[in-house]
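Trainee: The sequence shown lines up with residues 947 to 1083 when you count with my numbering.
Have a look at this one before I ask anything.
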Amino acid sequence: MGDILQHLKARHEHGKYHQLHGLQILSLSDGYAEVFMPPSPNILNPLGNVHGGAIYTLCDVAAGTAAASRGRVGVTLSSSMSYLRPGHREEGLLAKTQELKNGRTTAVYSVDVYQGSRLIANGQFTMYFTGETLEVQ
């Protein structure tokens, strides 16, 4: 697990899209990931709340990271989001995954997004495994 964690952290640190949002992997184990998005004016909507697209991005990355924790390459096949409360500009966002299914070709994750102790969103993500494995160096 240590090699995969280091590989995924490095991929996040060097990935331009992840850098754009400041995404950080905080925790990773088989089928589980916690990913943090810091507060930034770049993720706010015109109303001054966290944009739903930023929340979706966080959930998609968390689900993909949880899927990759097993050493397999997965891509998002389908997803749905429920936005429960507005995200405030002052606080970062923490996504926590729960693996609901880990199959031969697909996996399903529930992703909860928190600001502090407030649950602000939930996403359901079905990941498709491409058949490739992560190249850990």
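All C-beta atoms in this analysis are idealised placements derived from N, C-alpha and C, irrespective of residue type, glycine included.
Using DSSP with H/G/I as helix, E/B as strand and the rest coil, what is threonine 1052?
Mentor: In the sequence shown, residue 1052 corresponds to position 106, counting from 1. DSSP places threonine 1052 in strand when its eight states are reduced to three.
Trainee: If contact is defined by three or more beta carbon pairs under 8 Å, each pair taking one atom from either stretch, is the region 1038 to 1056 in contact with the region 1003 to 1020?
Mentor: Yes, they touch.
Trainee: So for glycine 1033, helix, strand or coil by DSSP?
Mentor: Stepping through the sequence shown from its first residue, residue 1033 is reached at position 87. Note: glycine 1033 maps to coil in three-state DSSP.
Trainee: So, are the CB atoms of glutamine 1061 and glutamate 1037 less than 8 Å apart?
Mentor: Residue numbering aside, residue 1061 sits at position 115 when the sequence shown is read from its first letter. Residue numbering aside, residue 1037 sits at position 91 when the sequence shown is read from its first letter. Contact: yes.
Trainee: Less than 8 Å between the CB atoms is what I'm expecting for leucine 1065 and leucine 1030, so what's the real figure, rounded?
Mentor: One-based indexing of the sequence shown puts residue 1065 at position 119. One-based indexing of the sequence shown puts residue 1030 at position 84. That pair is a contact at about 6 Å.
Trainee: Assign leucine 1004 to one of two classes, buried (16 or more other C-beta atoms within 10 Å of its C-beta) or exposed (fewer than that).
Mentor: Here residue 1004 refers to the residue found at position 58 of the sequence shown. Leucine 1004 comes out buried.
Trainee: Helix or strand or just coil, what does DSSP make of asparagine 988?
Mentor: Residue numbering aside, residue 988 sits at position 42 when the sequence shown is read from its first letter. Of the three classes helix, strand and coil, the one that applies to asparagine 988 here is helix, per DSSP.
Trainee: For a test of the three-state rule: what should DSSP assign to arginine 957, helix, strand or coil?
Mentor: Start at 1 with the first residue of the sequence shown, and residue 957 comes out as number 11. Of the three classes helix, strand and coil, the one that applies to arginine 957 here is helix, per DSSP.
Trainee: Going by DSSP in three states, glycine 1077 sits in which element: helix, strand or coil?
Mentor: On the sequence shown, position 131 is the one that residue 1077 refers to. The answer is strand: DSSP assigns glycine 1077 an E or B state.
Trainee: Looking only at its chain, what residues have a beta carbon closer than 8 Å to the beta carbon of glycine 994, apart from the 5 residues adjacent to it on each side?
Mentor: Here residue 994 refers to the residue found at position 48 when the sequence shown is read from its first residue. Only Arg1035 meet the Cβ criterion.
Trainee: In whole angstroms, what separates the C-alpha of leucine 1040 from that of glycine 998?
Mentor: Here residue 1040 is taken as the residue at index 94 of the sequence shown, counted from 1. Here residue 998 is taken as the residue at index 52 of the sequence shown, counted from 1. Roughly 14 Å between the two C-alpha positions.
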